[in-house]
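Numbering (UniProt numbering), first residue to last: 1 to 414.
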């Protein structure tokens, strides 16, 4: 238990034999429940989870004064087939919600998420300042400057698209898997409908926004290694981008039309249509104008006027889109920000005199909100680095699991 709140940790693991056991052992002692989810691994991950769980069970002593008592600390769960990291996390979330855990966090099964940082994610939630917190590895200007170019481009694209799709304009590093969520947020957000591919973290942000939940970024240190990137951005970005577009349209329809009317949806619609119409009109005029007609031909002047009109309509559409984004930022200003009580450079708490109220509208760190970046490499206890793949363990190439394929969980190990 942490500050009077029960805490759960979801540990998704896919082919993490040799690593997941150490991850389970490193979970802080104040955590009440650990949901170790083997996502259809083909190696000895499941055996390592169950063996470690049995060993740790002998050491587990539930707090006698806690509001809830748990007969065991580690709950092994096995998927019958690989569902993807989002599917594994969803399984853990649903189990934690069912058991009434106050705050549920996520740690990768490969031991690369710093256990000593867990309380930094918990504090804003137990203090009532946030409903969902996530580590942000790129709030430190030096870390951003050291970011390899290929990582910057790929992650900047995803970060920008996620800001637009989710409405959380002041958060960054959306691919960070180190997160914490309150029980209320699990109740209010559509967890059952979570995307099961690697875009689960982006998808969940959209669901949280529609539910009107507060998201806070927590600075987290970052180090880079020499590992080769395993993410195929050529397939990863288009797939996640398509999901974000669908979610963006769903958010506008649900939040700004069905729940309550807001001009954001109208401004976006007018802007998109005008921009598209202007582009098509301008291109059509350019094609006709380049078809070899003589300048003296009366049609040439018509094409020029049509092209000019298209340009003006397109510019008007762009202005409307920018206005829509501004309205969206203002509508969600109180729902997102950065926990400035944590130092961006070290991930440690600031001294009291250096703290700034993170809930103050408009408060942001120096350089905060930059298109957040790449996946870091944290030298774990076992020396394994993540390269540029997402942080949930051995999922290959950042593309593991069929996110749209349902699976049946095997019974939990006893």
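Cβ coordinates follow ideal geometry from the N, Cα and C atoms, glycine included.
To which residues of the same chain is residue i closer than 7 Å at the C-beta, ignoring the five residues directly before and after it?
i           : result
residue 281 : 306, 309, 310 and 313
residue 203 : 194, 195, 243 and 247
residue 17  : 43, 44, 45 and 48
residue 163 : 169
residue 15  : 41, 42, 43, 45 and 394
residue 360 : With a pLDDT of 39 at residue 360, under the threshold of 50, the predicted position of this residue should be treated as unreliable, though the coordinate-derived value follows. Correct list: empty, nothing qualifies.
residue 115 : 26, 27 and 28
What number of angstroms, rounded off, separates the C-alpha of residue i from the C-alpha of residue j?
i           : j           : result
residue 156 : residue 112 : 23 Å
residue 288 : residue 302 : 10 Å
residue 257 : residue 80  : 40 Å
residue 201 : residue 35  : 18 Å
residue 3   : residue 126 : 7 Å
residue 179 : residue 304 : 55 Å
residue 49  : residue 10  : 13 Å
residue 5   : residue 248 : 34 Å
residue 37  : residue 264 : 40 Å
residue 437 : residue 41  : A query on residue 437 cannot be resolved here, the shown segment of the chain reaching from 1 to 414 and no further.
residue 260 : residue 183 : 25 Å
residue 20  : residue 104 : 19 Å
residue 147 : residue 138 : 9 Å
residue 238 : residue 151 : 16 Å
residue 432 : residue 44  : For the chain, the structure presents residues 1 to 414; residue 432 sits outside this window and is missing.
residue 8   : residue 208 : 19 Å
residue 354 : residue 1   : In this predicted model, residue 354 has a pLDDT of only 36, less than 50, meaning its place in the structure is not dependable; the value taken from the coordinates is given anyway. When rounded, the distance between both Cα atoms is 28 Å.
residue 315 : residue 253 : 25 Å
residue 128 : residue 185 : 12 Å
residue 76  : residue 262 : 45 Å
residue 329 : residue 285 : 36 Å
residue 331 : residue 94  : 30 Å
residue 78  : residue 55  : 18 Å
residue 153 : residue 235 : 15 Å
residue 145 : residue 136 : 15 Å
residue 99  : residue 39  : 21 Å
Opposite residue i in the DSSP bridges: which residues?
i           : result
residue 105 : 9 and 180
residue 85  : Bridge partners of residue 85: none, in fact.
residue 30  : Residue 30 pairs with nothing; no bridge assigned.
residue 2   : 5
Taking 9 Å as the threshold (C-beta atoms), are residue j and residue i in contact?
i           : j           : result
residue 12  : residue 89  : yes
residue 215 : residue 205 : yes
residue 327 : residue 213 : no
residue 23  : residue 107 : yes
residue 221 : residue 118 : no
residue 134 : residue 173 : yes
residue 120 : residue 338 : no
residue 251 : residue 191 : no
residue 74  : residue 52  : yes
residue 181 : residue 131 : yes
residue 245 : residue 149 : no
residue 416 : residue 161 : The shown model of the chain, from 1 to 414, leaves out residue 416, and the question about it has no answer.
Leaving aside the five residues before and after residue i along the sequence, list all residues of the same chain whose C-beta is less than 8 Å from its C-beta, in chain order.
i           : result
residue 317 : 270, 271, 272, 273, 274, 275, 276, 277 and 278
residue 267 : 320, 321, 323, 324 and 327
Excluding the 5 residues preceding and the 5 following residue i in the sequence, name in chain order all residues of the same chain whose CB lies nearer than 6 Å to its CB.
i           : result
residue 367 : Here the model assigns residue 367 a pLDDT of 34, short of 50, so the residue's position is not dependable and the matter cannot be decided.
residue 196 : 83, 84, 86, 87 and 403
residue 415 : Only positions 1 to 414 of the chain appear in the structure, and residue 415 is not among them; the question remains open.
residue 72  : 57
residue 255 : 210
residue 199 : 240 and 243
residue 167 : 209, 328 and 332
residue 283 : none
Mind checking which residues open and close the beta strand (DSSP E) that includes residue i?
i           : result
residue 216 : 215-219
residue 134 : 132-136
residue 338 : 336-338
residue 38  : 33-38
residue 76  : 74-79
Quick one: give me the first and last residue of the alpha helix (DSSP H) that residue i is part of.
i           : result
residue 159 : 149-166
residue 268 : 263-289
residue 46  : 45-57
residue 202 : 200-210
residue 124 : 118-126
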